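For reference, the structure discussed in these notes is given below.
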Amino acid sequence: MTSFLRSDRSRAVAIWLLIVALLVLGMVVVGGSTRLTGSGLSITQWRPISGALPPLSLADWQAEFARYRAIPQFRLVNPSMTLEQFRFIYWWEWSHRLLARLLGVVFLAPFAWFAWRRELPRRLVWQFVAIFVLCGLEPLVGWWMVASGLSGRVSVAPERLMTHLGIAFALLGALIWTALDAWAGSARQTLPSPWGGRALGLVALIYLQILLGALVAGNQAGLVYNDWPLFAGHLWPQDYAGPSLWATLAHNQGAVQAHHRVLAYLIVVVAVALGVGAWRSSYLGETPKRLALAVMALVLFQAALGIGTLMARVPIGMGVAHQLTAALTLCLAVTFAWRVRRI
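If you're matching positions, the sequence shown starts at 694 in the working numbering and goes up one per residue.
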């Protein structure tokens, strides 16, 4: 692979990676809408090539609907659903899968072009390997997630939803970091700074919070304990403990919401501390200071949006906005972490 890597930097490569990152953001939005509308199990087969075409005739639609009627979600949740109502949820899931196919083309075709022209920075070889692995895993894990809801359940397994979303956000972070590296070229050698570790620590906390948020979504835990800051009038959920440690961590509505709330408080404290500390620092320049303050502001906004979404019982618009803001917060935190390591 290194024979296709030559240059130290390429702004064309950086722009391409940022376009791919925008597509990932689009998938986050459409995927969140798919989940909130209950559309994720509407397509019960995985056909990577032929599935790119939607049903084209009434007979095709009836065949798709018949397959959906055979799964538990239809029998136990939507037994009165009509063909027209099925079409609504089908289009959401089909659009999500279409975006995934488009992302694959937009990533692979330019990659082949840049590799042929030897414009891929040699020093980024392992970052491209990681992006390739994440791109390959995401559709496989997506189908693994969907398959968990086709028998024995009326929705996908929360831990599989967490894995699927976690890979998407890891891919997003890798694309942003690699694009910045490709744009700027090799960093000059500098003295060690504590800011690199601090910023990466915040990125790790935000990423963990995204994973916990996926468990909240997978367990529909935003529909319980809709008062704040208490839990139905109590300081802690009364049904916190499940029958096992795994059941508590991954499948208990009260527990997953409590974990999501507590980590949100910690992230707010850390983001404010980093923002204020960066602004007062004589070591950091103006750009890192502004990035730190922007991360702090976005974290505070996200926390307020999360509280509002919870208290409103997760309306679709607010739920999608909360997920999108999580993605933007991660992107900005990654950008701050990248920048403070190049001072």
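Even glycine gets a Cβ: it sits at the ideal position worked out from N, Cα and C. Quick caveat: nothing in here was measured; it's all calculated off a predicted structure.
Note to self: Taking 7 angstroms as the limit between beta carbons, can you name the residues of its chain near residue 860, skipping five residues before and five after?
What the structure shows: Position 167 of the sequence shown, counted from the start, is the residue given in the question as residue 860. If the five residues before and after residue 860 are omitted, its C-beta is found closer than 7 angstroms to the C-beta atoms of 827, 830, 831, 834, all from its own chain and listed in chain order.
*Would you call the CB atoms of residue 812 and residue 726 closer than 9 angstroms?*
Counting from one through the sequence shown, the residue named residue 812 turns up at place 119. Counting from one through the sequence shown, the residue named residue 726 turns up at place 33. No. Outside cutoff.
Q) Can you tell me where the alpha helix (DSSP H) with residue 941 in it begins and where it stops? A) Walking along the sequence shown from the start, residue 941 turns up at place 248. Taken as a continuous stretch (DSSP letters only), the alpha helix (DSSP H) holding residue 941 covers 938-944.
Check your understanding: On the premise that residue 922 lies in contact with residue 847, defined as a C-beta separation below 8 angstroms, what is that separation, rounded to the nearest angstrom?
Key -> Taking the sequence shown and counting its residues from 1, the one referred to as residue 847 is at position 154. Taking the sequence shown and counting its residues from 1, the one referred to as residue 922 is at position 229. Not really, about 31 angstroms apart at Cβ, beyond 8 angstroms.
Going by beta carbon distance, what residues of the same chain come within less than 6 angstroms of residue 1034, once the five residues before and after it are set aside?
Taking the first residue of the sequence shown as 1, we reach residue 1034 at position 341. Excluding residues within five positions, the ones whose Cβ falls inside 6 angstroms are 889.
So residue 733 packs on residue 849, CB below 8 angstroms; how close in whole Å?
If you number the sequence shown from 1, residue 733 lands on position 40. If you number the sequence shown from 1, residue 849 lands on position 156. With a Cβ gap of about 6 angstroms, residue 733 and residue 849 count as contacting.
Once you ignore the five residues that flank residue 736 on each side, which residues in its own chain have a CB closer than 6 angstroms to its CB? Position 43 of the sequence shown, counting from 1, holds the residue named residue 736. Once the five neighbours on either side are set aside, the close Cβ partners of residue 736 are 786.
request  = Below 6 angstroms CB to CB, which residues in the same chain sit around residue 708 once its five sequence neighbours on both sides are set aside?
outcome  = One-based indexing of the sequence shown puts residue 708 at position 15. No residues qualify anywhere along the chain.
Point to revise | Residue range of the unbroken alpha helix (DSSP H) whose run includes residue 823 | key: Along the sequence shown, one-based indexing puts residue 823 at 130. 818-840 is the extent of the alpha helix (DSSP H) around residue 823.
*Does the stretch 1015-1025 come within contact of the stretch 923-934, defined as at least 3 CB pairs closer than 8 angstroms?*
Not touching, per the Cβ criterion.
Spatial neighbours of residue 788 within its chain, please: C-beta separation below 7 angstroms, excluding the five flanking residues on both sides. The residue you call residue 788 lines up with position 95 of the sequence shown. Excluding sequence positions up to five before and after residue 788, its CB lies within less than 7 angstroms of the CB of 723, all in the same chain and listed in chain order.
Taking the C-alpha atoms as reference points, what is the distance between residue 967 and residue 960? Here residue 967 refers to the residue found at position 274 of the sequence shown. Here residue 960 refers to the residue found at position 267 of the sequence shown. Looking at the two C-alpha atoms, the distance is approximately 10 angstroms.
Practice prompt. Compute the distance between the beta-carbons of residue 965 and residue 899, then report whether it is under 9 angstroms.
Written response: Sequence index remark: in the sequence shown, residue 965 carries index 272 (1-based). Sequence index remark: in the sequence shown, residue 899 carries index 206 (1-based). It is not a contact, given that the beta carbons lie outside the stated cut-off.
Among 793, 887, 731, which residue has its Cα nearest to the Cα of residue 1030? Within the sequence shown, the letter at position 337 stands for residue 1030. Of all alpha-carbon atoms in 793, 887, 731, the one lying nearest the alpha-carbon of residue 1030 is that of 887.
Checklist entry - So which of 854, 776, 763, 950 has the shortest CA-CA distance to residue 750? => result Along the sequence shown, one-based indexing puts residue 750 at 57. Taking residue 750 as reference, the option from 854, 776, 763, 950 with the minimal CA-CA separation is 776.
For residue 998, the residue or residues it bridges with in DSSP
Walking along the sequence shown from the start, residue 998 turns up at place 305. Answer is none; residue 998 lacks a bridge partner.
Sequence-distant residues of the same chain with beta carbon closer than 8 angstroms to residue 720, five excluded per side: Against the sequence shown, residue 720 aligns to sequence position 27. The beta carbon of residue 720 lies closer than 8 angstroms to those of 789, 792, 793, 796, 861 in the same chain, with the five residues before and after it left out.
**OP:** State the start and end residues of the unbroken alpha helix (DSSP H) segment that holds residue 726.
**Re:** Here residue 726 refers to the residue found at position 33 of the sequence shown. DSSP places residue 726 in the uninterrupted alpha helix (DSSP H) bounded by 704-729.
Point to revise | Supposed contact pair residue 853 and residue 841 - C-beta distance, whole angstroms, cut 8 angstroms | key: One-based indexing of the sequence shown puts residue 841 at position 148. One-based indexing of the sequence shown puts residue 853 at position 160. Rounded to whole angstroms, the Cβ separation of residue 841 and residue 853 is 5 angstroms, and the two are in contact under 8 angstroms.
### Message
So, for residue 998: in the same chain, excluding its five sequence neighbours on each side, which residues have a beta-carbon less than 8 angstroms away from its beta-carbon?
### Response
Taking the first residue of the sequence shown as 1, we reach residue 998 at position 305. By the criterion of a C-beta distance shorter than 8 angstroms, residue 998 is surrounded in its chain by 1011, 1014, 1015, 1018, once the five residues flanking it on both sides are discounted.
Next item on the list: Write down the C-beta distance between residue 824 and residue 858 rounded to the nearest angstrom, noting that I regard them as a contact closer than 8 angstroms.
Entry: Counting from one through the sequence shown, the residue named residue 824 turns up at place 131. Counting from one through the sequence shown, the residue named residue 858 turns up at place 165. Contact flag wrong, Cβ pair sits at about 17 angstroms.
For residue 782, which residues in the same chain have their Cβ closer than 7 angstroms to its Cβ, ignoring the five residues on either side in sequence?
Within the sequence shown, the letter at position 89 stands for residue 782. Here the set comprises 730, 731, 732, 735.
- Buried or exposed: where does residue 807 fall if 16 or more other Cβ atoms within 10 Å of its Cβ makes it buried? Within the sequence shown, residue 807 is the residue found at index 114, counting from 1. Classification for residue 807: buried.
Put residue 984 into one of helix, strand or coil per three-state DSSP. Along the sequence shown, read from residue 1 onward, the residue named residue 984 stands at position 291. Helix.
Cut-off 8 angstroms between Cβ atoms - residues of its own chain near residue 934, not counting five sequence neighbours on either side:
Working through the sequence shown from its first residue, we reach residue 934 at position 241. Correct list, in chain order: 941, 945, 948.
Exercise for the section: Could you have a look at residue 749 and say whether DSSP puts it in helix, strand or coil? Expected result: Position 56 of the sequence shown holds residue 749. Looking at residue 749 - three-state DSSP - the assignment turns out to be coil, as it is neither helix nor strand.
* To do: Assign residue 734 to one of three DSSP states: helix, strand, or coil.
  => Mapped onto the sequence shown, residue 734 falls at position 41. Here residue 734 sits in coil by DSSP.
For residue 952, which residues in the same chain have their Cβ closer than 6 angstroms to its Cβ, ignoring the five residues on either side in sequence? The sequence position of residue 952 within the sequence shown is 259, counting from 1. Around residue 952: 905.
Fill in: Assigned secondary structure, residue 813 (DSSP; H/G/I helix, E/B strand, else coil)
The sequence position of residue 813 within the sequence shown is 120, counting from 1. Three-state DSSP puts residue 813 in a strand.
Check: Under 9 angstroms between the Cβ atoms of residue 1027 and residue 866?
Finding: Reading the sequence shown from its first residue, position 334 is the one you call residue 1027. Reading the sequence shown from its first residue, position 173 is the one you call residue 866. Taking 9 angstroms as the Cβ cut-off, residue 1027 and residue 866 qualify as a contacting pair.
How long is the line joining the alpha carbons of residue 768 and residue 760, rounded to whole angstroms? Start at 1 with the first residue of the sequence shown, and residue 768 comes out as number 75. Start at 1 with the first residue of the sequence shown, and residue 760 comes out as number 67. Taking the straight line joining both Cα atoms gives about 12 angstroms.
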